[in-house]
Amino acid sequence: MLNRSAFFLLASFCIVVAFSFECHAASLPNEETAVCLGCHDNREMSLTFKNGEKLPLYVDSNTLLGSAHKNLGCSGCHGFSATDHPKRQFKNRRSFTISISESCRQCHSFKKGIHYRMVNMLTQVVCADCHGSHSIKPVKESGDSCFGCHKYGISVTFKNGSRQSLEVTEEALKNSVHNKLRCADCHFGFSSKEHPERNFQDKRNFTIITSETCRRCHFDKYTKTLEGIHFNMLLKGHLEAPVCVDCHGSHTIGSGTKEKIRSAQRCQTCHQDIYSIYSMSVHGKSLLSTHNQDVPVCSDCHRAHDISDPRMADFRNNIPQMCSNCHANEELMRRYGLSTAVLQSYLEDFHGVTVSYYKKQKNAVRHIAVCTDCHGIHDITRTKGPDASIVKANLIRRCRKCHAGASESFPDSWISHYEPNFKRAPLVYVINLIYMIFIPFMIVGLVLQIILHIWRYAVNR
Amino acid sequence: MTETGKGDGEYIRRFHPLRIIEHQANAIAFIVLVVTGLSQKFHDSSWSDWAIMNLGGIDNTRLIHRYTGLLLGYLTFQHILIASYGVIAKKWMPFMVINIKDFTDAIDNLKYYFGITDSPARCDRYDYKQKFEYWGVIIGGILMALTGLTLWFPTKVFHLIPFLPGQIIPAAKALHTNEALLAFLVIVIWHVYNSVFSPDVFPLDTAIFTGKISKERMIHEHPIEYERLTGVKLEDHSEKDVAETEEEPDIKSAS
Numbered sequence: 001m002l003n004r005s006a007f008f009l010l011a012s013f014c015i016v017v018a019f020s021f022e023c024h025a026a027s028l029p030n031e032e033t034a035v036c037l038g039c040h041d042n043r044e045m046s047l048t049f050k051n052g053e054k055l056p057l058y059v060d061s062n063t064l065l066g067s068a069h070k071n072l073g074c075s076g077c078h079g080f081s082a083t084d085h086p087k088r089q090f091k092n093r094r095s096f097t098i099s100i101s102e103s104c105r106q107c108h109s110f111k112k113g114i115h116y117r118m119v120n121m122l123t124q125v126v127c128a129d130c131h132g133s134h135s136i137k138p139v140k141e142s143g144d145s146c147f148g149c150h151k152y153g154i155s156v157t158f159k160n161g162s163r164q165s166l167e168v169t170e171e172a173l174k175n176s177v178h179n180k181l182r183c184a185d186c187h188f189g190f191s192s193k194e195h196p197e198r199n200f201q202d203k204r205n206f207t208i209i210t211s212e213t214c215r216r217c218h219f220d221k222y223t224k225t226l227e228g229i230h231f232n233m234l235l236k237g238h239l240e241a242p243v244c245v246d247c248h249g250s251h252t253i254g255s256g257t258k259e260k261i262r263s264a265q266r267c268q269t270c271h272q273d274i275y276s277i278y279s280m281s282v283h284g285k286s287l288l289s290t291h292n293q294d295v296p297v298c299s300d301c302h303r304a305h306d307i308s309d310p311r312m313a314d315f316r317n318n319i320p321q322m323c324s325n326c327h328a329n330e331e332l333m334r335r336y337g338l339s340t341a342v343l344q345s346y347l348e349d350f351h352g353v354t355v356s357y358y359k360k361q362k363n364a365v366r367h368i369a370v371c372t373d374c375h376g377i378h379d380i381t382r383t384k385g386p387d388a389s390i391v392k393a394n395l396i397r398r399c400r401k402c403h404a405g406a407s408e409s410f411p412d413s414w415i416s417h418y419e420p421n422f423k424r425a426p427l428v429y430v431i432n433l434i435y436m437i438f439i440p441f442m443i444v445g446l447v448l449q450i451i452l453h454i455w456r457y458a459v460n461r
Numbered sequence: 001m002t003e004t005g006k007g008d009g010e011y012i013r014r015f016h017p018l019r020i021i022e023h024q025a026n027a028i029a030f031i032v033l034v035v036t037g038l039s040q041k042f043h044d045s046s047w048s049d050w051a052i053m054n055l056g057g058i059d060n061t062r063l064i065h066r067y068t069g070l071l072l073g074y075l076t077f078q079h080i081l082i083a084s085y086g087v088i089a090k091k092w093m094p095f096m097v098i099n100i101k102d103f104t105d106a107i108d109n110l111k112y113y114f115g116i117t118d119s120p121a122r123c124d125r126y127d128y129k130q131k132f133e134y135w136g137v138i139i140g141g142i143l144m145a146l147t148g149l150t151l152w153f154p155t156k157v158f159h160l161i162p163f164l165p166g167q168i169i170p171a172a173k174a175l176h177t178n179e180a181l182l183a184f185l186v187i188v189i190w191h192v193y194n195s196v197f198s199p200d201v202f203p204l205d206t207a208i209f210t211g212k213i214s215k216e217r218m219i220h221e222h223p224i225e226y227e228r229l230t231g232v233k234l235e236d237h238s239e240k241d242v243a244e245t246e247e248e249p250d251i252k253s254a255s
């Protein structure tokens with residue numbers, strides 16, 4: 001039994017192998033190719049260049065069969081045949097590739113378009129770099145071949161003469177959040193076939209216009225930027241105002257929110273002065289020294305896309321809410337032993353009430369003291385410990401801005417963010433306490449008298 | 001307090017027209033202060049928002065509050081001057097001065113309410129309830145004016161009295177805001193009850209509008225003054241009251 005089945009297996013295997021060889025030989029396109037492959041089917045065979053580089057001379061028949069050029073004989077490109085097989089010497093592998101690419105021009109004459117520019121202007125790129133050699137495919141089937149050219153140090157020259165590298169490394173793209181996208185998703189209208197020639201004034205012009213492509217997916221962010229100060233500056237002709245890629249990067253684009261330090265450093269690119277002040281503040285120090293992710297960075301207060309002008313009243317009147325995003329958060333503040341009563345105690349005070357109404361009225365003209373006036377803006381300091389004196393010194397200066405002639409004891413009229421208690425503000429505490437007892441006592445007494453009066457009246461009737 | 005009219009048929013003159021004007025001015029100022037002030041005190045509530053936004057914003061509201069405060073302060077000041085002048089120079093009778101009888105009257109009235117005695121306290125021109133309100137308005141008015149000015153001119157206070165601690169400003173605010181609430185509640189509960197909803201005067205005690213009071217109410221509420229004005233002794237009336245009140249508990253106990 002076993003012998004019989006083994007025999008059948010062996011026999012069928014032999015038939016399949018024989019048949020496949022038969023097919024193989026029969027499908028080779030022409031005699032010449034078959035002759036060449038007679039030798040070049042050898043995996044061991046190679047050519048050594050002058051510089052010692054080796055080029056395998058093996059040609060895989062299947063690759064050849066899949067190529068667009070399968071019907072050309074080897075001599076169609078190589079000029080070699082079995083009878084005419086000159087020995088040639090090349091400096092290195094690259095010069096061999098460049099030399100052999102010349103033969104493409106026998107059939108493909110590039111008179112215009114991207115190929116013309118590539119081949120005539122950028123001598124370091126040759127046809128085979130993009131299209132391959134023996135594996136050459138019809139353009140339709142060749143997939144995304146942008147890297148074919150853009151992995152080389154090709155560059156573009158702008159109208160003003162400056163140059164910009166067009167090199168894109170696969171490595172950079174792999175690490176970006178857009179690694180699933182195709183080049184043409186962002187570079188709309190570009191492909192190996194369609195490669196319109198565009199002319200930009202300069203690099204900045206190119207960056208700004210290219211950035212417009214982001215809105216095709218991120219329309220929500222784009223509309224936000226329209227309200228932002230950076231876009232407005234751009235409109236006014238300040239071309240240095242940042243566009244999407246200036247902050248997010250282009251091919252290396254990463255997630256916008258994950259790393260707070262990186263986020264702050266993006267702003268630092270232009271706002272160096274403020275960044276260095278911030279880095280000395282209680283928030284900045286904590287971020288930079290301990291990578292604390294709880295602290296606010298630029299975008300937490302100024303927002304990322306719809307950045308408003310911090311000199312406007314709207315921004316100013318929103319500061320208490322801004323700070324309270326963290327400072328009224330019980331869980332967060334407990335970690336640092338800070339009180340969350342700061343917001344409420346401010347809002348209950350004169351200034352807080354005024355600011356709240358200015359927000360609603362939208363016609364505020366006066367600058368009412370908000371958190372940053374006493375605590376600092378980018379240079380926010382601790383209110384306890386050695387920095388407390390700085391806060392105190394800021395206070396009297398800030399008071400005098402509105403309350404001209406305020407005396408030295410005037411800032412004490414702000415009993416900090418504490419609930420009045422017997423130690424800190426005995427007078428306020430006692431007054432509140434007396435009325436807390438007296439008002440209910442009085443009201444209950446009066447109401448009782450009224451009820452008694454009505455009752456007596458009813459009884460008398 | 002200053003003028004006591006003569007018996008005029010069914011009605012007796014109780015208030016001089018100037019006192020009526022004074023009361024009305026006080027009432028208007030008080031209402032404006034309550035609206036503009038309490039809406040600041042309870043700034044979180046929606047009706048405060050409504051009031052403040054309709055008054056043209058927080059700055060306008062404060063402006064109205066402060067100048068109305070000045071008016072009320074002025075009225076209080078003027079009243080004290082006139083009353084002092086009247087009592088000292090014109091020998092007006094100091095009806096508003098609190099005396100021991102006011103306390104005994106209050107206790108007597110309570111006894112009456114509880115059914116321990118059979119008749120209410122017999123009062124003069126102003127009963128203890130009215131004196132309580134009057135002195136509340138005078139003392140409260142002075143307090144509110146002083147604390148209000150402190151809050152209006154917070155830096156000037158320290159120039160005026162340099163040794164004051166900074167705490168005086170929040171203390172003034174605490175006093176102002178608490179006293180305001182107390183005054184508001186007393187007026188809304190006590191004054192409005194006594195002059196509108198009390199069964200004695202319902203639907204409205206018109207004395208402060210017409211300046212006149214009916215003889216009947218005068219005899220009932222201010223018997224001592226009535227006796228002094230007319231020279232008539234009211235013993236019969238009180239006896240009659242006693243007789244009436246005696247019947248009632250019987251009915252009550254029967255039921």
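One line per chain: the protein sequences are A and B, in this order. For the first sequence, full-length UniProt numbering gives the first residue as 1, with consecutive numbering after it. For the second sequence, full-length UniProt numbering gives the first residue as 1, with consecutive numbering after it. Using N, Cα and C, we set each Cβ at its ideal position, and we do this for glycine too. Note that the structure is a prediction, hence the values are computed from the model and not measured.
Whose Cβ in chain B lies nearer than 9 Å to the Cβ of Y457 (chain A)? S198, P199, D200
For a contact meaning CB atoms closer than 7 Å, what does D412 (chain A) contact in chain B? P165, G166, Q167
Proximal chain A residues relative to T117 (chain B), where beta-carbon distance stays under 9 Å: Within chain A, no residue comes near T117 (chain B); the closest Cβ sits about 11 Å away, beyond 9 Å.
Quick check on the DSSP output: the alpha helix (DSSP H) that includes L347 (chain A) runs from which residue to which? 341-348
Can we count M312 (chain A) as close to the ligand HEM, meaning its CB is less than 7 Å from some heavy atom? As presented, the structure is devoid of all ligands, the ligand HEM included, so that no description of it is given.
I213 (chain B) bridges to which residues according to DSSP? B:I12
Within the 8 Å Cβ cut-off, does N318 (chain A) reach chain B? No, N318 (chain A) does not count as interfacial toward chain B.
Alpha helix (DSSP H) segment containing S165 (chain A), residue limits: No alpha helix (DSSP H) contains S165 (chain A), which is instead part of the beta strand (DSSP E) from 163-165.
Can you tell me whether W47 (chain B) is buried or exposed? The criterion is at least 16 other CB atoms within 10 Å of its CB, across all chains shown. The residue is exposed, with fewer than 16 neighbouring Cβ atoms inside 10 Å.
Which same chain residues, not among the five before or five after I208 (chain A), have their C-beta less than 6 Å away from its C-beta? V243
List the residues of chain A that I52 (chain B) touches, going by C-beta distances under 7 Å, in chain order. Y357
Could you pull the start and end residues of the beta strand (DSSP E) that S46 (chain A) belongs to? Taken as a continuous stretch (DSSP letters only), the beta strand (DSSP E) holding S46 (chain A) covers 46-48.
Based on DSSP bridge pairs, tell me the residues matched to T157 (chain A). A:R163
How about C323 (chain A) and C267 (chain A): do their beta carbons lie closer than 8 Å? no
Please report whether the beta-carbon of A425 (chain A) lies at a distance below 8 Å from any beta-carbon of chain B. yes
Determine the direct distance from the alpha carbon of V447 (chain A) to that of R13 (chain B), and round the result to whole angstroms. 31 Å
Within 8 Å of any Cβ in chain A, is that where the Cβ of F30 (chain B) sits? no
How many angstroms separate the CA atom of E194 (chain A) from the CA atom of S99 (chain A)? 27 Å
If you measure from the beta carbon of T155 (chain B) to each beta carbon in chain A, is any gap under 8 Å? Judged by the 8 Å Cβ criterion, T155 (chain B) is in contact with chain A.
Give me the subset of the segment 31-47 of chain B whose CB atoms are less than 8 Å from a CB atom of chain A, sorted by chain position. Q40, H43
Name, please, each residue of chain B whose Cβ falls closer than 8 Å to the Cβ of N394 (chain A). Using a Cβ-Cβ cut-off of 8 Å, N394 (chain A) is close to nothing in chain B; its nearest Cβ partner there is about 16 Å away.
List, in order along the chain, the chain B residues whose C-beta lies closer than 9 Å to that of A406 (chain A)? P154, T155, F158
For C326 (chain A), which residues in the same chain have their Cβ closer than 6 Å to its Cβ, ignoring the five residues on either side in sequence? L332
What does the Cβ neighbour count give for N363 (chain A), buried or exposed, with the cut at 16 atoms within 10 Å? exposed
At least three beta-carbon pairs within less than 8 Å, the segment 158-175 of chain B to the segment 133-149 of chain B: yes
What's the call for N99 (chain B), buried or exposed, on a 16-neighbour Cβ count within 10 Å? exposed
From which residue to which residue does the alpha helix (DSSP H) around K54 (chain A) run? Note, K54 (chain A): premise wrong, no alpha helix (DSSP H); beta strand (DSSP E) at 54-56.
Closest to R280 (chain A) by C-alpha separation, out of A:V59, A:S413, A:D387, would be which residue? Before going on, a small fix: residue 280 (chain A) reads as Met here, not Arg. Checking every option, the nearest Cα to that of M280 (chain A) belongs to A:D387.
Beta carbons nearer than 7 Å to chain A: which residues of the segment 205-237 of chain B have them? none
Per-residue DSSP class, three states only, for N460 (chain A): DSSP places N460 (chain A) in helix when its eight states are reduced to three.
With a threshold of 6 Å on Cβ separation, who are the neighbours of G141 (chain B) within its own chain once the five nearest residues in sequence on each side are excluded? T76
Could you give the distance in angstroms between the alpha-carbon of G73 (chain B) and the alpha-carbon of D309 (chain A)? 45 Å
So which of A:S276, A:A184, A:V177 has the shortest CA-CA distance to C146 (chain A)? Considering only alpha carbons, the answer is A:A184.
Going along chain B in order, which residues have a C-beta closer than 8 Å to the C-beta of N432 (chain A)? A174, N178
Just how far apart, CA to CA, sit V295 (chain A) and L63 (chain B)? V295 (chain A) and L63 (chain B) have their C-alpha atoms spaced approximately 41 Å apart.
Can you tell me whether S281 (chain A) is helix, strand or coil according to DSSP? Coil.
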